[in-house]
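Q: Under my numbering, the first residue of the sequence shown carries the number 1, and numbering increases by one thereafter.
Structure in structure tokens, see below.
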Amino acid sequence: MFNYIVRRLLLMIPTLIGVTAVVFFVMALSPGGVGGPLMNEMGELDTDQAQALRSYYEQRYGLDQPLWVQYLNWLNQVSPLGFEVVSTPEGREFGAFGFKVPDLGESFSRGRPVIDLYAEALPITLLLNGIATPIIYVIAILTGVYAARHRGKAFDVLAGTLLLAFWSIPVMWAGVLLIGFFANAQYPLLRWFPTSGLSSTLADSWPFLPGWGPQGFNRGWLLDRLWHLVLPVLCLTYGGAAFVSKLTRSALLENLSADYVRTARSKGVSDRDVLWRHAFRNSLLPLITIAAGIIPSLLAGSVIVETIFSIQGMGKLMVDAIFARDREMVLAGALLGGLLGLFFILVADLCYVIADPRVSYE
Numbered sequence: 001m002f003n004y005i006v007r008r009l010l011l012m013i014p015t016l017i018g019v020t021a022v023v024f025f026v027m028a029l030s031p032g033g034v035g036g037p038l039m040n041e042m043g044e045l046d047t048d049q050a051q052a053l054r055s056y057y058e059q060r061y062g063l064d065q066p067l068w069v070q071y072l073n074w075l076n077q078v079s080p081l082g083f084e085v086v087s088t089p090e091g092r093e094f095g096a097f098g099f100k101v102p103d104l105g106e107s108f109s110r111g112r113p114v115i116d117l118y119a120e121a122l123p124i125t126l127l128l129n130g131i132a133t134p135i136i137y138v139i140a141i142l143t144g145v146y147a148a149r150h151r152g153k154a155f156d157v158l159a160g161t162l163l164l165a166f167w168s169i170p171v172m173w174a175g176v177l178l179i180g181f182f183a184n185a186q187y188p189l190l191r192w193f194p195t196s197g198l199s200s201t202l203a204d205s206w207p208f209l210p211g212w213g214p215q216g217f218n219r220g221w222l223l224d225r226l227w228h229l230v231l232p233v234l235c236l237t238y239g240g241a242a243f244v245s246k247l248t249r250s251a252l253l254e255n256l257s258a259d260y261v262r263t264a265r266s267k268g269v270s271d272r273d274v275l276w277r278h279a280f281r282n283s284l285l286p287l288i289t290i291a292a293g294i295i296p297s298l299l300a301g302s303v304i305v306e307t308i309f310s311i312q313g314m315g316k317l318m319v320d321a322i323f324a325r326d327r328e329m330v331l332a333g334a335l336l337g338g339l340l341g342l343f344f345i346l347v348a349d350l351c352y353v354i355a356d357p358r359v360s361y362e
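What follows is the structure, encoded as structure tokens:
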């Protein structure tokens, strides 16, 4: 298995190069090019000032070089193995080849190191997805197993109809509806949840857990954070839960009708053991397979959810960077997203061995 993991890790390198290359050249060849909105601000300057500012940006970020040279410079910059870049008054120079500290560059639009911006935003996105993923699988497994055990009955028909409807609702529309119905300032009786952010203004001064204070009951920082997470997490979970639930039902029904299940029942094995120890365990493989796609799709869905609810996560950061044509930010986001996606696919492949001992990577 060690050799398999090493091979998969090595294959990640050309995959990430391909992903970032497509993003880089699409951005560079689009109308306005890299930093287009930033250059448009020069309309308020006179000709000499605009030209001086343009020359500064081109020299600072290498925008005056050919595209393939710019991309190779970026690859060298983010790679842990490459040429050390030394800045001199005459321009950048490359030093000796060897191991170095990767550098994601500096944001055009925000004037801060990209790694600092993503270090602040990535934990928020991982928090949203870390809460949404277990909820998806708990709901999906419970409803899918119960529907398979009571095939054709009222719960199966009702759950199938509702899950299909949930799966068909776009996340953007669902987010707007949730804000309109449960966070509407015009109707105080329906304003149950906040409309944006992950914490209240005064949350920093609240205790972590609720308690009784001199001014009465205090919600506490933890409950305030959970209160703000309800609507965003709901937007991230309903579609995935519907899809995985239908998949669980189909996989379980296929295994319940298999010969080995009938043999186990004929030997007197209890229905509970037949369901969970035999049929459900053999139904895990498609669930593991789909998990490798659901988690990256949740990261993509976070872009919409974070934008709707004004959450300063990785998705919101990427949207702002795309509108600003901030090359360093967009490429770093594509790199981090690709790394997370490939990592979860590798984890899913390794989980096959746990679910089915017959699987071997040797």
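Glycine is no exception: its CB is placed at the ideal position from the N, C-alpha and C atoms.
In this text, all values refer to a predicted model and were calculated from it rather than measured experimentally.
1. Closer than 8 Å: is that where the CB of M314 sits relative to any heavy atom of the ligand ATP?
2. Can you have a look at S245 and say buried or exposed, based on whether 16 or more other CB atoms are within 10 angstroms of its CB?
3. Reducing DSSP to helix, strand and coil, say where L198 ends up.
4. My output table needs one value for L104: the three-state DSSP class, helix, strand or coil.
5. Could you tell me the alpha carbon to alpha carbon distance between F2 and L10, rounded to whole angstroms?
6. Just to check my reading of the structure: A140 and T248 have Cβ atoms closer than 8 Å, yes? What is that Cβ distance to the nearest angstrom?
7. For R151, does the count of other Cβ atoms within 10 angstroms reach 16, so buried, or fall short, so exposed?
8. Would you kindly check if the distance between the Cβ of T307 and the Cβ of A431 is under 9 Å?
9. Can you name the start and end residues of the alpha helix (DSSP H) that D156 belongs to?
10. Rank A348, M27 and V305 by C-alpha distance to the C-alpha of P170 and give the top, closest one.
11. Taking A174 as the reference, give the member of R149, L234 and D156 with the closest Cα.
12. Buried or exposed: which applies to R325, given that a residue is buried once 16 or more other Cβ atoms fall within 10 Å of its Cβ?
13. What residue range is occupied by the uninterrupted alpha helix (DSSP H) comprising V319?
14. Using the Cα positions of A321 and S109, report the straight-line distance between them to the nearest angstrom.
15. So, at 7 Å on beta carbons, what are the nonlocal neighbours of F166 in its own chain, with the 5 sequence-adjacent residues on each side left out?
A: On the basis of the coordinates in this document:
1. This structure lacks the ligand ATP, and indeed carries no ligand of any kind.
2. buried
3. In the three-state DSSP reduction, L198 falls in the coil class, being neither helix nor strand.
4. coil
5. Going by the C-alpha atoms only, they are around 12 Å apart.
6. 6 Å
7. R151 is exposed by the Cβ-count criterion.
8. What the structure shows of the chain is the stretch from 1 to 362, and residue 431 is not part of that stretch, so it cannot be assessed.
9. A154 to S168
10. V305
11. Comparing Cα-Cα distances from A174 to each of R149, L234 and D156, the minimum goes to L234.
12. Within a 10 Å sphere around the beta-carbon of R325 sit 16 or more other beta-carbons, which makes this residue buried.
13. For V319, the enclosing alpha helix (DSSP H) has its first and last residue at M314 to F323.
14. 8 Å
15. Y238, G239 and A242
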